[in-house]
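There are 2 protein chains.
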Amino acid sequence: MNNTIFMADQYYLNKSTFLVAADCIVFGFKEKELHILLTRRPVEPLAGEWSLMGGFVSENESLEDAAKKVLFEYTQQKGIYMEQVNAYGAVDRDIGGRVISVAFYALVRLEEFDTSLAQKFDARWINIKELPQLVFDHNKMVEDALTLLRFKVSMQPIIFNFFDEKFTLPALQDLYEAIYQRPIDKRNFRKKIASMNILDKLDIKDTLSSKRGAFYYVFNEEKYRDFLASGKFFSL
Amino acid sequence: MNNTIFMADQYYLNKSTFLVAADCIVFGFKEKELHILLTRRPVEPLAGEWSLMGGFVSENESLEDAAKKVLFEYTQQKGIYMEQVNAYGAVDRDIGGRVISVAFYALVRLEEFDTSLAQKFDARWINIKELPQLVFDHNKMVEDALTLLRFKVSMQPIIFNFFDEKFTLPALQDLYEAIYQRPIDKRNFRKKIASMNILDKLDIKDTLSSKRGAFYYVFNEEKYRDFLASGKFFSL
DNA sequence: ACAAAAGTGTTCACACTACACCCATGG
DNA sequence: CCATGGGTGTAGTGTGAACACTTTTGT
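Residue numbers (my numbering), protein chains in the order written: chain W, 1082 to 1317; chain S, 1082 to 1317.
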């Protein structure tokens, strides 16, 4: 073997370095539709155009930390569920300079969203069925995030991150329908939910969205572990 | 709205920049087992330890271009099937410096692999069941790549990228078993393949791996399009 | 009393699983 | 002639899809 051992200096120095950004696709659920949080880009080029929330990664920050920082800045919430989508690195994807961007999607509880923040950052919750054109490759990021969300939501019980602890079955079904963009049969849906036995039914009802009222449920972490331990897998 | 428009200079300048690498998880199939291509790291720190193939992204290169460059360097093949796994950006993931790495997995045809390259780069095909400890977070990358590969291979007909055009059904089954790491029933497997009607059976046999010989098949792109057009989905 | 949404079971079709024997050939 | 791997069908089970009426309550 004629392998040469290089000095680290030769290897790490004199290489190109890049700006790295974290862009967030922030999903929320309201009015029976899936929405994402968009803002007007505050900087040239393309100032004023619709854009995802983003920020540059700094020296002593992981990619996830950078994304969390962006999420906290725009929502003031901590512990938001977040997952990496992909890295985007086309040479001219950002016309303002060479920037490699890592996209994350996040699920936020819209009940506890501070609407004053929307004002502050000129941000709005936009129905995913009415997405405008976004800057750079942000539309592609949203598309990829949606694809991933649809997959994940069908395989893992992450959907409960959209709700503030308790939720009704009709609301849960509406949410799945909003994510998959297709109707789901009510009886089959409830049958499947019931068969997993991972929810606790509460004694109280949500009487706001109907006269009769729908019972609240909560996700039971422990029951879910038992469910997994029995060799079954979440699937919806 | 009290949104300030920044000048691009303020926005893009004076931000941290990073070395960005593309690391490749190169999968190949031989001896009825899935293998990945590993090399001895040629540079300090950790020179001589097992490592994935990687390279730094340069100025006028996309992430995909950088990964392709790495793949071509180590395999001398072009048009290799490749897909992004994830970006890895923990602050101290590379102990030689701050490097953000984007992992790609690739599927190569081992029949046409030039073994002299293995010598040149001190590279070896290692059975995935016998993976050594790799440098940095490369083991995690391989794990993530395998998870993604298992999913993709079950949903899209990418598995044929492991073969040099033609292949036998026993070999195809062996490959699925190697990827999923579990036995598959021969009759059920063949029934499902047949029901999709996306392969063409050739008149010739592979007589090397058995006395009787197994018929060769080729993937038929057109039949696959018809299959999709009929509203069905690939699943294996 | 009526409108509006919540809640509840059964049937049917299809897909997945399990399973055992004969065939072709080289040595 | 025998050892080795290639090739073939059927029956049973479970899962997903279709489908309609009763209940509750606010107005």
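Note that beta-carbon positions come from the ideal geometry of N, C-alpha and C, so glycine has one too.
These figures come from a predicted structure and were not determined experimentally.
Answer yes or no: does any C-beta atom of chain S fall closer than 8 Å to that of N1084(W)?
With a pLDDT of only 44 at N1084(W), under 50, the local geometry of the prediction cannot be trusted, and the value read off the model is given with reservation. Yes, its Cβ sits closer than 8 Å to a Cβ of chain S.
Out of K1111(W), L1133(W), G1109(W) and E1125(W), which has the shortest C-alpha to C-alpha gap to L1119(W)?
L1133(W)
Alpha carbon to alpha carbon, what distance is there between N1301(W) and D1255(W)?
Straight-line measurement puts the Cα of N1301(W) at about 20 Å from the Cα of D1255(W).
For D1307(S), which of R1293(S), S1316(S), K1282(S) and M1277(S) has the nearest alpha-carbon?
When each option's Cα is compared against that of D1307(S), the closest is M1277(S).
Residues of the segment 1154–1174 of chain S whose Cβ lies closer than 7 Å to any Cβ of chain W, in chain order
Q1165, N1167, A1168, G1170, A1171 and V1172
Which of the three DSSP states, helix, strand or coil, is assigned to M1082(S)?
Model confidence at M1082(S) stands at a pLDDT of 39, short of 50, so the residue's coordinates are unreliable; what they give is reported in the following sentence. It is coil, neither helix nor strand.
Pick from L1227(S), A1204(S) and V1299(S): whose alpha carbon is nearest that of G1129(S)?
A1204(S)
Is I1106(S) close to chain W, meaning its C-beta is less than 8 Å from at least one C-beta of that chain?
no
Helix, strand or coil at Q1262(S) according to DSSP, with G and I counted as helix
coil
So T1156(W) is in the beta strand (DSSP E); what residue range does that whole segment cover?
Taken as a continuous stretch (DSSP letters only), T1156(W) belongs to no beta strand (DSSP E), being part of the alpha helix (DSSP H) at L1144 to T1156.
Look up K1273(W) in the DSSP assignment and say whether it is helix, strand or coil.
helix
Quick one: what does DSSP say N1095(S) is sitting in, helix, strand or coil?
coil
In whole angstroms, what separates the C-alpha of L1317(S) from that of A1252(S)?
15 Å
Of all the CB atoms in chain S, is at least one closer than 8 Å to the CB of E1142(W)?
yes
Closest by C-alpha distance to I1279(W), when choosing among P1264(W), I1240(W) and F1232(W)
I1240(W)
Taking its Cβ as the centre, do 16 or more other Cβ atoms sit within 10 Å of Q1165(S), making it buried, or is it exposed?
buried
Would you report the Cα separation of K1247(W) and Y1298(W), rounded to the nearest angstrom?
5 Å
With a threshold of 8 Å between beta-carbons, can V1234(S) be considered close to chain W, or not?
no
Beta-carbon proximity of A1184(S) to D1146(S), cut-off 8 Å
Result no, Cβ atoms of A1184(S) and D1146(S) do not sit closer than 8 Å.
Give a yes or no on whether 8 Å exceeds the smallest Cβ distance from K1149(S) to chain W.
With 8 Å as the cut-off, K1149(S) does not count as an interface residue toward chain W.
Beta strand (DSSP E) containing S1051(W): first to last residue?
Residue 1051(W) is absent from the structure shown; chain W starts at 1082 and stops at 1317.
Hey, is I1240(S) close to the ligand FAD, as in C-beta under 7 Å from one of its heavy atoms?
The ligand FAD is not among the ligands present in this structure, which contains no ligands whatsoever.
Is it true that the CB of L1188(W) sits closer than 8 Å to the CB of Y1162(W)?
Yes. Within cutoff.
Could you name the residues of the segment 1289–1317 of chain S whose beta carbon sits closer than 7 Å to any beta carbon of chain W, in the order they occur along the chain?
none
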